[in-house]
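Colleague: Would you mind keeping the following structure in view while I ask a few things?
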Amino acid sequence: MPHPQLLRVGVLVSGGGTNLQAILDAVREGRLPARVVFVGADNAEAKGLERARASGVPTFVVPYREILARFAADPPPPPPPDFSLAAARARQRLRPAAGDPRLDRFLASRAAAEAELLAAMRPYPFDLLVLAGFMRVLTPYFIDRVNAGADPPRIMNIHPALLPAFPGTDGYGDTFRYGCKVAGCTVHFVDYGEDTGPIIGQRAFPIEEGDTLEAVRRKGLEHEWRLYPECIRLYAEGRLRTERRVYELPGGRRLTRTVVVIVPGPAIPPGGPQR
Ligand code: GAR
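With numbering that gives the first Met the number 0, the residue at position 177 of the sequence shown is 176, and numbering never jumps.
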């Protein structure tokens, strides 16, 4: 019988899955009160699928490339019957910006893939969806159906940069090429923008003179492997909540931002301090 207090975590991957492995290891070693209930991928070659199978976790693949290719045709196929372009348009905070004709096709094609993703996830009830190197943008169609109004939100992502710097697909590369002296990684909740959601945790490390991009990536991943299980653990312990903050800025401007508040917990977690 599964332990009733274990957080049920679903994981999505696109590639190597070393973050998935770090989560599986943390679960196995009792550092994370969770169990991984499925691992899904957007391509059958994702090595993370093998890692999941080796741990006895059910897997599935949603062939994004094939699904999206169908939407290159003219006219494109119909989107899912429950997809509302107006609602998706109004909520999304993605590029291409609103008004760009490519946006509609982008939103409809993603919704088609996301409908298949939702169907593949349906047999596996979960509490938290963890993106571990899942290299696909998720749109409001999917996000709203997973969150269903939950607070804290139910989708977490790890990004290889100190957000809000360097969103996108090559965080360490962008950090390195910019000439930054510090690099880092960020775990955040997923919102309607690309890598814009409320930040849960970050780790920074220096870029030393002589470091190659490969060295930065390697160091960064080692930080990710510690940070991600820690953030999931906070979620499992019910210590994350979001708060809408309003700031008055010079010139009468007003900034509103949803931030994560970490509720204080035991100074030393059960099972000993994290390394
Ligand atoms: C990690 O560096 C992760 O931060 C990054 O992909 C890598 C996946 O490695 N994610 C993104 O760039 C998301 N935009 P892994 O498959 O070995 O965990």
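The C-beta atom is built at its ideal place from N, Cα and C for all residues, glycine as well. Computed from a predicted model, the values in this text were never measured in an experiment.
If leucine 162 sits next to isoleucine 206, beta carbons under 8 Å apart, how far is it from one beta carbon to the other, in whole angstroms?
Modeller: Incorrect: roughly 17 Å between the Cβ atoms, too far for contact.
Colleague: Kindly indicate which three-state DSSP category glutamine 201 falls into: helix, strand or coil?
Modeller: Correct three-state label for glutamine 201: strand.
Colleague: Indicate, with yes or no, if ligand 1 has a heavy atom lying under 8 Å from the CB of leucine 19.
Modeller: The answer is yes for leucine 19.
Colleague: Closest to valine 60 by C-alpha separation, out of Tyr171, Glu213, Val12, would be which residue?
Modeller: Nearest of Tyr171, Glu213, Val12 to valine 60, Cα basis: Val12.
Colleague: In this structure, does DSSP put isoleucine 261 in helix, strand or coil?
Modeller: Strand, per DSSP.
Colleague: Of all the options Asp24, Ala182, Ser108, Ala25, which has the alpha carbon lying nearest to the alpha carbon of alanine 87?
Modeller: Residue Ser108 is the option with its Cα nearest to alanine 87.
Colleague: For arginine 274, collect the residues of the same chain with a Cβ closer than 6 Å to its Cβ; drop the 5 residues on either side in sequence, then sort them by chain order.
Modeller: Note that arginine 274 has pLDDT 45, beneath the 50 cutoff, so the model's placement of it is unreliable and the number below is only indicative. So the list is empty, once near-sequence residues are dropped.
Colleague: Going by C-alpha distance, which of Ala25, Ala40, Asp41 is nearest arginine 34?
Modeller: Of Ala25, Ala40, Asp41, the residue nearest in Cα terms is Ala25.
Colleague: With a CB to CB cut of under 7 Å and the five nearest residues on each side skipped, what residues in its chain are close to alanine 119?
Modeller: Cβ neighbours of alanine 119 beyond the five flanking positions: Gly39, Phe59, Val61.
Colleague: Quick check: the Cα distance between isoleucine 231 and valine 189, rounded to an integer number of angstroms?
Modeller: C-alpha separation (whole angstroms): 14 Å.
Colleague: Kindly indicate which residue of Arg52, Leu254, Tyr234, Arg121 has the alpha-carbon position closest to the one of glycine 264.
Modeller: Comparing Cα-Cα distances from glycine 264 to each of Arg52, Leu254, Tyr234, Arg121, the minimum goes to Tyr234.
Colleague: Under 9 Å, do methionine 155 and leucine 130 count as touching if we go by C-beta distance?
Modeller: In this structure, leucine 130 lies closer than 9 Å to methionine 155 by Cβ.
Colleague: Can you check DSSP and say which residues form a bridge with methionine 155?
Modeller: Val129, Phe188.
Colleague: Could you name the residues of the same chain whose beta carbon sits closer than 6 Å to that of proline 159, not counting the 5 residues immediately before and after it, in chain order?
Modeller: The residues are Gly170, Tyr171, Cys184, Gly219.
Colleague: Give me the Cα-Cα distance between threonine 195 and proline 74, rounded to the nearest whole angstrom.
Modeller: One C-alpha to the other measures close to 32 Å.
Colleague: Beta-carbon within less than 8 Å of phenylalanine 70's beta-carbon, same chain only, minus the 5 sequence neighbours each way: which residues are those?
Modeller: So the qualifying residues of the chain are Pro76, Arg104, Ala107, Ser108, Ala111.
Colleague: Could you tell me which of Tyr191, Gly192, Phe165 sits nearest to arginine 181, measuring between CA atoms?
Modeller: Before going on, a small fix: residue 181 reads as valine here, not arginine. Residue Phe165 is the option with its Cα nearest to valine 181.
Colleague: Assuming arginine 135 and tyrosine 191 make a contact with CB atoms under 8 Å, what is their CB distance in whole Å?
Modeller: Actually they do not touch by this definition, with Cβ atoms about 15 Å apart.
Colleague: Got a sec: does ligand 1 put a non-hydrogen atom nearer than 8 Å to the Cβ of aspartate 194?
Modeller: Checking every heavy atom of ligand 1 against the Cβ of aspartate 194, one is found closer than 8 Å.
Colleague: Tyrosine 177 to alanine 214, Cα distance in whole Å?
Modeller: If I take the Cα positions, the gap works out to 16 Å.
Colleague: Identify, in the order they occur along the chain, each residue of the same chain with its Cβ nearer than 7 Å to the Cβ of methionine 0, setting aside the five sequence neighbours on each side.
Modeller: For methionine 0, the predicted structure reports a pLDDT of 46, less than 50, and the residue's modelled location is therefore unreliable. The matter cannot be settled from this model.
Colleague: Since glycine 39 is in the beta strand (DSSP E), which residue starts that stretch and which ends it?
Modeller: That run of the beta strand (DSSP E) goes 33-40.
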